[in-house]
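Chains Y and V supply the protein sequences, listed in that same order. Throughout the first sequence, residue numbering follows the working numbering, covering 72 to 410 in sequence. Throughout the second sequence, residue numbering follows the working numbering, covering 72 to 410 in sequence.
Protein chains: 2
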Amino acid sequence: MAFATLFTRSLTMKDNSPMDKALLLLRDDLKAFEACFEENMRSETDQFNRIGAYLLAAGGKRIRPLLLLLSARISGYLGSQHIVLASVVESIHMATLLHDDVLDRATVRRGFPAANLVWGNQAAVLAGDYLLARAFSLVIASGNLPVLEVLGRTVSCLVEGEMRQLVGSSALDLSQEDYLEIVDGKTAALFAASCRCGALLGNDGPGGDALEDFGFRLGRAFQLVDDVLDYVAEGTEFGKIRGHDLAEGKVTLPLIHALRHGTDDDRRCIAAALGRSELSESHFTEVLRILEQTGGIAYCLEQARTLCRQAGEGLRIFADGPEKEALLELAGYVVSRSC
Amino acid sequence: MAFATLFTRSLTMKDNSPMDKALLLLRDDLKAFEACFEENMRSETDQFNRIGAYLLAAGGKRIRPLLLLLSARISGYLGSQHIVLASVVESIHMATLLHDDVLDRATVRRGFPAANLVWGNQAAVLAGDYLLARAFSLVIASGNLPVLEVLGRTVSCLVEGEMRQLVGSSALDLSQEDYLEIVDGKTAALFAASCRCGALLGNDGPGGDALEDFGFRLGRAFQLVDDVLDYVAEGTEFGKIRGHDLAEGKVTLPLIHALRHGTDDDRRCIAAALGRSELSESHFTEVLRILEQTGGIAYCLEQARTLCRQAGEGLRIFADGPEKEALLELAGYVVSRSC
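Right, dumping it as structure tokens:
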């Protein structure tokens, strides 16, 4: 069973899943996080409560909160602000999902119809704004300026990443470098910030640098795997319809690799499929065949594995212990969830 | 010539408009504000720069920055942070306009095609997010936690106001109370916050309370007049097509008054027009006749005048001087712009 699913399950413990020591370690923190996150979703405006309840019911992998909680603990933090900050980074993530779904005209998110389809684009934009405002208000109330600085910068990065994707990601000549710049902004930045904010609560310094770097590499790897899963995941497993990126006209690393190493016919086939909203199953299967034949999928996964290995190596400055073990396990999960 | 237009003209001084002492007083501050605001719009992402330049070219009344600058000065502030904060409140305002235009499917903003029509809804949402993130980053960099607290709370209010409008403002039985709750959230809150943030730079306390109250009443009055102008303004003058609220299905105070005091036939006519996107000129004229006959327009303007008078009265705790004069002039402008 996947790491993050175990984490989520640990909250209810309805099943008898084998639980790792590292997971048990965070059980109370995660419970407190879920309560805080739910509280943060509340509003005097009913519509926000309805959207909040819907988002909560859909669940989530909670990777960013996990990174924050573990980073705080491995940095020696013993207070309870990490619970609040875990809720903050998940709120920021949720806000970008809401705005992203409006952007992408998404139809499914985590196996449920996306919020914008249930309540409309207008409500989804406002719900995202509300989550962002609440998230910042929480940190402001805590008075932690270094954390505020990191998060302020990170939200700018996130939005710039999304904008770069919107403007440039449908180009057939998108370079791997430009692709990674998009990935770093829209995903790696918040992973890195989650780690740094956790560290800022405890002993920052070299440990904080190492954790931020860990988060950054993990975030990149996570997005690479996500982009692979968009081609190879089962619809229900992944919570998303396969081929969404292709139909949306989004060029990702598997495609970049295939375009570079394929034949002229391959490139023509991909070009004809890209951005076609009514993409046929057979056309998608043909693109998938090209991705496998040119090694696009394997290349992308290999890049992700390397990043996760490097991420893990960077933690060597920390003494062995359950928090480190859990972080390494999280890195393992990011790669293994593709299998 | 309208007050705010004079202010804007004062930046270039190409014409020989009669300039008030009060306006001249702020000339350097406004120049510095425009430079800071422009700087804040810059990004490493070209698309944000293009949208930023477009928004800058469209200009604006800059009422919130004016309130902030004057509030800081009347509170005895002598530093330069008020320039930064003026840029922050205008950025927040601009962000809500961008998101609001997406929400409202607006076609014209300040006489120019709305940003969402030029670059698409997706880019407009992201540009709004970017402006918000940059605005908060500026205040975070200044380390002013009391200002951050006010602004965090205010953005939540703004978004809640917009959501209330989205969910409830098309109801024919919308009460004046519910309407004002929407107005207070979406408009008055940021006016009030602009004044409070200015005061927080100087001598806050009773003066700050009075200024916040001034801003709140002025904001309410401003929105009431805005809602009247949506019925009676000339298209080019107002920068917006008349009848937009009616066609959008937005019930505002002139309509609430008319629905309460009109005949059954009047109510039927209004109900048939409300939310009809292809509203005919003659149907609109008929609704306008009802608004005038039932006194809806006059009632709304009277409310606005009362609010501005009360706002001015609240400034009596301040000694007479050019800043107070300018604030009173601003209150006068809010009402007079309807004529």
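Where is the CB? At the ideal position from N, CA and C, for every residue including glycine.
For residue i, go through chain V and note every residue whose CB falls closer than 7 Å to its CB, in chain order.
| i | result |
| --- | --- |
| Thr116(Y) | Glu231, Met234 and Arg235 |
Residues in the same chain with beta-carbon distance under 7 Å from residue i, minus the five sequence neighbours each way, listed in chain order, please.
| i | result |
| --- | --- |
| Ile327(V) | Leu245, Gln247 and Tyr250 |
| Lys395(V) | Ile145, Leu386 and Phe389 |
| Tyr370(Y) | His328 |
| Arg347(Y) | Ala318 |
| Gln381(Y) | Arg288 |
| His164(V) | Arg135 and Leu261 |
| Gly320(Y) | Ser241, Leu345 and Gly346 |
| Asp298(V) | Asp316, Thr323, Leu324, Pro325 and Cys371 |
| Met284(V) | Before going on, a small fix: residue 284(V) reads as Asp here, not Met. Correct list, in chain order: Gly385. |
| Val196(V) | His170 and Val173 |
| Gln364(V) | none |
| Asn274(V) | Ser146 and Gly147 |
| Cys340(V) | Glu357, Val358 and Ile361 |
| Val218(V) | Leu156, Val210, Cys268 and Leu271 |
Taking 7 Å as the CB-CB cut-off, is residue i touching chain Y?
| i | result |
| --- | --- |
| Tyr201(V) | yes |
| Ile211(V) | yes |
| Gly392(V) | no |
Measure from the C-beta of residue i to each C-beta in chain V and report whether the shortest distance is under 7 Å.
| i | result |
| --- | --- |
| Gln193(Y) | yes |
| Ala204(Y) | yes |
| Val226(Y) | yes |
| Glu412(Y) | Limits of chain Y in this structure are 72 at one end and 410 at the other, which puts residue 412(Y) out of reach. |
With residue i as the anchor, note down where its alpha helix (DSSP H) starts and where it stops.
| i | result |
| --- | --- |
| Asp336(V) | Asp335 to Ala344 |
| Ala124(Y) | Asp117 to Ala129 |
| Arg387(V) | Counting along the chain, Arg387(V) falls outside any alpha helix (DSSP H), and DSSP gives it neither H nor E. |
| Asn192(Y) | Asn192 to Ser213 |
| Val299(Y) | Pro277 to Val303 |
| Glu352(Y) | Glu352 to Gln364 |
| Leu324(V) | Leu324 to His332 |
| Ser146(Y) | Per DSSP, Ser146(Y) belongs to no alpha helix (DSSP H) and is neither H nor E. |
| Lys321(V) | Taken as a continuous stretch (DSSP letters only), Lys321(V) belongs to no alpha helix (DSSP H), as it is neither H nor E. |
| Gly403(V) | Pro393 to Ser407 |
Residues of chain Y with CB under 7 Å from residue i, in chain order?
| i | result |
| --- | --- |
| Phe207(V) | Phe207 and Gly223 |
| Val196(V) | His170, Val173, Leu174 and Val196 |
| Leu251(V) | Chain Y residues near Leu251(V): none, gap ~15 Å exceeds 7 Å. |
If you drop the 5 nearest sequence neighbours on each side, which residues of the same chain put their C-beta closer than 6 Å to that of residue i?
| i | result |
| --- | --- |
| Leu272(V) | Ala143, Tyr148, Gln152 and His153 |
| Leu156(Y) | Leu139 and Cys268 |
| Met112(Y) | Gly123 |
| Arg205(V) | Asn111 |
Kindly list, in the order they appear in chain C, the residues whose Cβ is closer than 7 Å to that of residue i.
| i | result |
| --- | --- |
| Val238(V) | The question asks about chain C, but that chain is absent: this structure's protein chains are Y and V. |
Give me the chain Y residues within the contact set of residue i, using Cβ-Cβ distance strictly less than 8 Å, ordered along the chain.
| i | result |
| --- | --- |
| Gly59(V) | Chain V is shown from 72 up to 410; residue 59(V) falls before or after that span and cannot be answered. |
Interface residues of chain V around residue i at Cβ under 9 Å?
| i | result |
| --- | --- |
| Ala388(Y) | The displayed chain sequence assigns Ile, not Ala, to residue 388(Y). Under the 9 Å cutoff, chain V gives no residues; its nearest Cβ is about 29 Å from Ile388(Y). |
Considering only residues of the same chain and omitting the five flanking positions on each side of residue i, which have a CB-CB separation below 8 Å?
| i | result |
| --- | --- |
| Val303(Y) | Arg313, Leu359, Ile368 and Ser409 |
| Leu141(Y) | Leu97, Gly269, Glu394, Ala397, Leu398 and Leu401 |
| Gly278(Y) | Ile145, Ser146, Ala270, Ile388 and Phe389 |
| Val226(V) | Ile163 and Leu203 |
| Leu243(V) | Val322, Leu330, Arg338, Ile341, Ala342 and Leu345 |
What are the residues of the stretch 159 to 170 of chain V that lie near chain Y, defined by any Cβ-Cβ distance shorter than 9 Å? Contact residues of the stretch 159 to 170 of chain V toward chain Y are Ala166, Thr167 and His170 (C-beta to C-beta distance below 9 Å).
Give me the subset of the stretch 118 to 148 of chain Y whose CB atoms are less than 7 Å from a CB atom of chain V, sorted by chain position. So the close ones are Gln118 and Phe119.
Going along the stretch 331 to 342 of chain V in order, which residues come within less than 7 Å of chain Y, judged by CB to CB distance? Taking 7 Å as the upper bound on Cβ-Cβ separation, chain Y lies near no residue of the stretch 331 to 342 of chain V.
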